[in-house]
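Structure, as C-alpha cells:
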C-alpha cells in the first residue's frame, strides 16, 4: 500500500485566497484525521471522521475552515479565505478505528503570504 | 482527557540505550499508553503501545509501572536515525473514542 497520500506537498498562496488540501487514506481504513502543526501550538487535531461522517470538529479554528469526506477514499480540508496565521504543516492520518494505530501522511506545508 | 508529562529534551550517545520517561498520574483503567515519534520533516509514526504489561517490538520496549502512573520507552541501541520528537499519549479504549491528542513530546538528540 502507498500509505496516506496528501496533495499538494507544498502550497504558497496570498492572503484571502481559497486553499484546498487533499487526502487519500489507506484503503480499508474507516477513520480519517486532520491535524495542524505549528511551532507555537504543536500538533493539533482539527477534525476526524468515522465512516465518512464527521465525529468531532471541535478543533477546527473557525468558520473559515471546513472539511469534507465525500467517500471512503478521499477527504478535503478547505480554508476560505486564508490568512497568514494559517501557515502551518497540515497532516492527514487514517486508521481502522478505535485505538488502532494512526498512519500519517507526509503533510502539506502551507505558507500564506 | 488524562494528561501526560514528558521532559522537553534528552540527549543520548549513539549505540547506547535510551530511556524516555512519561508521567500520567491521572490515567484511567481503560487508557492505553501509546508512543509515537516524529522524525524531522515527516509525519508522526507509531512506535509502541501497551495497557498494563510491558511490551516489546522491533523498534522499542515499553515498561509500564505497576500502578500505571508512569511508563518508559526504551530504545535499546540508539542510532542517529532515532533522533526525533517522541510523544507519549493516552488513548481511551472506550467505544467511539478514537481521537488522539499530542503534547509537546521529548526531543531526543543522538550524538555520534
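Chains as they are written, first to last, in our numbering: chain A, -3 to 109; chain B, 136 to 247.
Note that beta-carbon positions come from the ideal geometry of N, C-alpha and C, so glycine has one too.
Legend entry - residue 206 of chain B versus B:185, B:240, B:179, B:157, residue with shortest Cα-Cα distance: Along the second chain, read from residue 1 onward, the residue named residue 206 of chain B stands at position 71. Per the Cα distances, B:157.
Inset, instruction - May I have the straight-line CA-CA distance separating residue 196 of chain B from residue 36 of chain A, to the nearest angstrom? - result: In the second chain, the residue the question calls residue 196 of chain B occupies position 61. In the first chain, the residue the question calls residue 36 of chain A occupies position 40. Roughly 31 Å separates the two Cα atoms.
Inset, instruction - Closer than 8 Å by beta-carbon distance: list the chain A residues that pair up with residue 235 of chain B, in chain order. - result: By 1-based counting over the second chain, the position of residue 235 of chain B is 100. One finds 29, 41, 98 in chain A with Cβ atoms closer than 8 Å to the Cβ of residue 235 of chain B, taken in chain order.
Inset, instruction - Report yes if the CB atom of residue 153 of chain B is closer than 9 Å to the CB atom of residue 170 of chain B, and no otherwise. - result: For the purposes of this step, residue 153 of chain B is taken as the residue at position 18 of the second chain. For the purposes of this step, residue 170 of chain B is taken as the residue at position 35 of the second chain. At a Cβ-Cβ threshold of 9 Å, residue 153 of chain B and residue 170 of chain B do not count as neighbours.
Legend entry - Validate contact between the region 95 to 104 of chain A and the region 198 to 218 of chain B using beta carbons, cut 8 Å, 3 pairs: No, because fewer than three Cβ pairs between the region 95 to 104 of chain A and the region 198 to 218 of chain B fall closer than 8 Å, the two stretches do not touch.
Legend entry - Completely contained beta strand (DSSP E) runs for the region 46 to 77 of chain A, where each covers 3 or more residues: Taken in chain order, the whole beta strand (DSSP E) runs of length 3 or more contained in the region 46 to 77 of chain A are 49 to 52, 61 to 67, 70 to 75.
Inset, instruction - Decide yes or no for the touch test of the region 64 to 84 of chain A against the region 17 to 28 of chain A: beta carbon pairs closer than 8 Å, at least 3 of them. - result: Short answer: they touch.
Legend entry - Beta carbon proximity, residue 169 of chain B to chain A, threshold 9 Å: Reading the second chain from its first residue, position 34 is the one you call residue 169 of chain B. By this cut-off, residue 169 of chain B is an interface position.
Inset, instruction - Output, in sequence order along the chain, the residues in the region 193 to 227 of chain B whose CB is closer than 7 Å to any CB in chain A. - result: From the region 193 to 227 of chain B, only 226 have a Cβ closer than 7 Å to chain A.
Inset, instruction - Answer yes if the region 85 to 100 of chain A comes into contact with the region -3 to 5 of chain A, meaning at least three C-beta pairs across the two stretches below 8 Å, and no otherwise. - result: Yes, since at least three Cβ pairs between the region -3 to 5 of chain A and the region 85 to 100 of chain A fall closer than 8 Å, the two stretches touch.
Legend entry - CB contact below 9 Å: residue 52 of chain A versus chain B: Walking along the first chain from the start, residue 52 of chain A turns up at place 56. For residue 52 of chain A, the answer is yes, since a Cβ of chain B falls inside 9 Å of its Cβ.
Legend entry - 8 Å contact criterion, which residue 78 of chain A and residue 34 of chain A should meet: CB distance rounded: Locating residue 78 of chain A in the first chain gives position 82, where the first residue counts as 1. Locating residue 34 of chain A in the first chain gives position 38, where the first residue counts as 1. Not confirmed; about 15 Å, so no contact.
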